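Okay, structure first, notes after.
Chains as they are written, first to last, in the numbering used here: chain A, 4 to 478; chain L, 154 to 305.
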């Protein structure tokens, strides 16, 4: 008995002060629990230290452990331990800190809670139980370049399609075109129909703060809902691509630099909301231009290749961004890659000149703004807008998009920004490389779709949507 | 002079039985390893919290695990037989392994304990651990409802 008391007291003493808010809060008054343990006879487990009990619980697993709460009151308390349930949550395919981030910051859905819920105020056991009940959802992250689709309970997208080849411009808000797109994805996933909730990423388009742009954005979102509900999907969650990439990086505020297929967007996001008022910058350089430039360089330098596919493969495997362009030019930067069906191809300067056009567009003969200028401009606008007391929300820059995975890109951008901005602005700037590589938005969607509150706080049902559309049509 | 690998230690159980064990085998127990390093091994090493029954088993386990000729498959077979003991003895070995800080034995015994517990209903758990149910009927219903997903 003494060992148990000592151990329980010991393990309780380093928990933050109890908050007896509601009776559903498992962190019941510490002394009340002591009384329970004192008066009940705990038998054999008397002698076993709590940390060993917890070790055995971890081996038993979440379900068996939860069942043991019905044994007696002191076991109920011990099994509710937050650290134990954090361990169980971590053993799912998402990393523990992503789950922790999501459950503390995103529980409420939009609008996001400004202050995250503190971990000790949450019962991870209840969160585990709720998450277990969240139905699997289908994730569709489609942009103008590539579309990735898959299931929320799986560890990665199960398929990819080249949207630009097959569907033309899916961003034009025509319900029928979207329906066609979604039904093709459905069959690619080998489903007859969609019976699960679907979480869709909304591509970046119509950035301005004008009424027209706002209207276009709303139309796109409605067309997505409409197309999916026409296909009898039970619930839909549509979130902007940039916001999803931000969530994947475990942030709710920051500047997302999305290097897309046709262009690069610089998107300031505060508390999960895109700040159109502040201004979303766009540069007309994207994956397509990068591949095109590499192709030209290869042709100029007499490097033989058969197809654009080869050029793209080389871009993805040999290209990088130099920290110091001038210095890199005088180095020996040759490297080779074996392209299937074409064999070994060697590149040298082309490797880092390709990514360089983002920082020096004139190399490609373009008049566009350089990446660091655009980001700096965005930061300037954010600072001027003075949206919150905290002047650091826009200093975290998150890269997203396949081309943003070029090695060295984040370091170079950070270096350029520090050089470009005055020290007052540049202190605290961090450039984060794409979380989860090419699939940032997809993983952001996975994060949201596995939330304990996903179906309640994030999804719109068909009924809700119809009701809302009918009301709109009345005006 | 015998080389360190061949040195034999005398381990004394709480009920004063003495066991001879090679040092290289005994130091799998970190508690014993520390005592040896601190030079406390001149006479018999008293293990106050381990009785002879448990100590004999622990030595059996240590010797199997220290044997470099036994394969992983053989160790697994040994483990399977080794854990076939009454549940109270399984718990006793867990406590002893904890006291002696013997991770390999801890893992095997905790696994065995969990494997047994998995098969029991809540009522059986109470029986095996001699636990008094201090819930009222409503309270127990409420706990089961709270974690209904585990009882499905």
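Yeah, the Cβ is synthetic: ideal placement off N, Cα and C, and Gly gets one too.
These figures come from a predicted structure and were not determined experimentally.
field: Cβ neighbours of residue 212 of chain A in the same chain (closer than 8 Å, five flanking residues each side left out)
entry: 279, 280, 282.
- request: Consider the Cβ of residue 24 of chain A: report whether some Cβ of chain L lies at a distance smaller than 8 Å.
  value: Only weak support is given to the placement of residue 24 of chain A: the predicted model assigns it a pLDDT of 34, under 50, and the value that follows is read from those uncertain coordinates. It does not: the Cβ of residue 24 of chain A has no partner Cβ on chain L nearer than 8 Å.
message: For residue 283 of chain L and residue 240 of chain L, what's the separation of their Cα atoms in angstroms?
response: Linking residue 283 of chain L to residue 240 of chain L through their CA atoms gives a straight-line distance of about 12 Å.
task: Rank A:427, A:133, A:66, A:201 by C-alpha distance to the C-alpha of residue 274 of chain L and give the top, closest one.
output: Relative to the Cα of residue 274 of chain L, the nearest Cα in the group A:427, A:133, A:66, A:201 belongs to A:66.
query: In chain A, what lies closer than 8 Å to residue 200 of chain L by C-beta?
result: Under the 8 Å cutoff, chain A gives no residues; its nearest Cβ is about 17 Å from residue 200 of chain L.
query: What is the DSSP secondary structure of residue 326 of chain A, counted as helix, strand or coil?
result: coil
- prompt: What residues of chain A sit near residue 269 of chain L, judged by a beta carbon separation below 9 Å?
  reply: At a C-beta separation below 9 Å, residue 269 of chain L has no neighbours in chain A, since its nearest C-beta there lies roughly 10 Å away.
query: Name the DSSP bridge partner or partners of residue 257 of chain A?
result: A:272
- request: Report, in whole angstroms, the separation of the C-beta atoms of residue 201 of chain A and residue 143 of chain A, which I expect to be a contact under 8 Å.
  value: 6 Å
task: Reducing DSSP to helix, strand and coil, say where residue 339 of chain A ends up.
output: strand
- prompt: Counting only beta-carbon atoms, is residue 248 of chain L nearer than 8 Å to chain A?
  reply: yes
task: Measure the alpha-carbon distance for residue 422 of chain A versus residue 374 of chain A and round it to whole angstroms.
output: 13 Å
message: residue 252 of chain A and residue 401 of chain A - do their beta-carbons sit closer together than 8 Å?
response: yes
- prompt: With a cut-off of 8 Å, does the C-beta of residue 139 of chain A fall near any C-beta of chain L?
  reply: Interface annotation, residue 139 of chain A: not in contact with chain L, CB-CB separation never under 8 Å.
- prompt: If we call anything under 8 Å between Cβ atoms a contact, is residue 110 of chain A one with residue 409 of chain A?
  reply: no
message: By the three-class DSSP mapping on this structure, what secondary structure does residue 52 of chain A have?
response: coil
task: Tell me, to the nearest whole angstrom, how far the beta carbon of residue 308 of chain L is from that of residue 207 of chain L; I am working on the premise that it is less than 8 Å.
output: The question about residue 308 of chain L has no answer, for chain L in this structure spans 154 to 305.
task: Name, in chain order, the residues that DSSP records as bridge partners for residue 150 of chain A.
output: A:145, A:164
- prompt: First and last residue of the beta strand (DSSP E) that includes residue 161 of chain L?
  reply: 161-165
field: Sheet register partners of residue 433 of chain A (DSSP bridge)
entry: A:399
- request: Put residue 346 of chain A into one of helix, strand or coil per three-state DSSP.
  value: When DSSP states are grouped into helix, strand and coil, residue 346 of chain A belongs to the strand group.
- prompt: When DSSP builds the beta bridges, which residues end up paired with residue 242 of chain A?
  reply: A:204
message: Report the CB separation of residue 279 of chain L from residue 286 of chain L in whole angstroms; it is logged as a contact under 8 Å.
response: 6 Å
query: Taking 8 Å as the CB-CB cut-off, is residue 284 of chain L touching chain A?
result: Under the Cβ criterion of 8 Å, residue 284 of chain L is counted among the residues facing chain A.
- prompt: Secondary structure at residue 213 of chain A, three-state DSSP: helix, strand or coil?
  reply: Assignment of residue 213 of chain A by DSSP, reduced to helix, strand and coil, places it in the coil class.
query: Around the C-beta of residue 427 of chain A, are 16 or more other C-beta atoms found within 10 angstroms, so that it is buried, or is it exposed?
result: It is exposed - the Cβ of residue 427 of chain A has fewer than 16 other Cβ atoms within 10 Å.
message: At the level of alpha carbons, what is the spacing between residue 39 of chain A and residue 442 of chain A?
response: Since pLDDT at residue 39 of chain A reaches only 34, below the 50 mark, its modelled position is unreliable, and no value is offered.
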